[in-house]
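J.:
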Amino acid sequence: MIELAIIGALLLTIPVHMLAIATYYVIFTALNVVSHLGFELYPAWVSRWFITSAHHNLHHTRFVGHYMLLFNICDRALGTNDPDYHAICERLAMARPRAAE
11 MIELAIIGAL LLTIPVHMLA IATYYVIFTA LNVVSHLGFE LYPAWVSRWF ITSAHHNLHH
71 TRFVGHYMLL FNICDRALGT NDPDYHAICE RLAMARPRAA E
């Protein structure tokens, strides 16, 4: 509801091309799906800057921290990341199946 309200307020205040709105919703829907997969698609270094599936799962299983929606910068700066977050991401990245060479 809040996201829709933001878009509504944006449309009432400044002109926005419909393609820009459609692109916004496609990207955010894809990121939302990825964060709910329950396994990692990204290499471990991504967890330092962006939200990963592990980040989102820790938010819902440990009930403290991991508050950011897209970027991990504020969680790192404010100390709201789980202390084991990067180790968990490393472990999940190592466990990810690799393509046959």
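Per my numbering, the very first residue in the sequence shown carries number 11; after that it's consecutive. C-beta: ideal position from N, C-alpha, C; glycine also. Note that the structure is a prediction, hence the values are computed from the model and not measured.
1. Can you name the start and end residues of the alpha helix (DSSP H) that R101 belongs to?
2. Restricting to Cα atoms, I'd like to know which of I24, M28, C99, I16 is closest to T63.
3. For L79, which option in N91, I61, D92 has the closest C-alpha, if you only look at C-alpha atoms?
4. Could you tell me if I54 is buried or exposed, where buried requires 16 or more neighbouring beta carbons within 10 angstroms of its beta carbon?
5. Compare the beta carbon distance of R58 and N42 with 9 Å and say whether it is the shorter of the two.
6. What are the partner residues of F6, as DSSP defines its beta bridges?
7. Which two residues bound the contiguous alpha helix (DSSP H) that contains T33?
T.: The short version:
1. 95-105
2. The question names Thr, but residue 63 is Ser in the sequence shown. Shortest Cα-Cα distance from S63 to any of I24, M28, C99, I16 involves C99.
3. I61
4. According to the sequence provided, residue 54 is Ala. The question's Ile does not apply to it. Per the 10 Å Cβ criterion, buried.
5. no
6. As displayed, the chain neither begins before 11 nor continues past 111, which places residue 6 out of reach and without an answer.
7. 28-45
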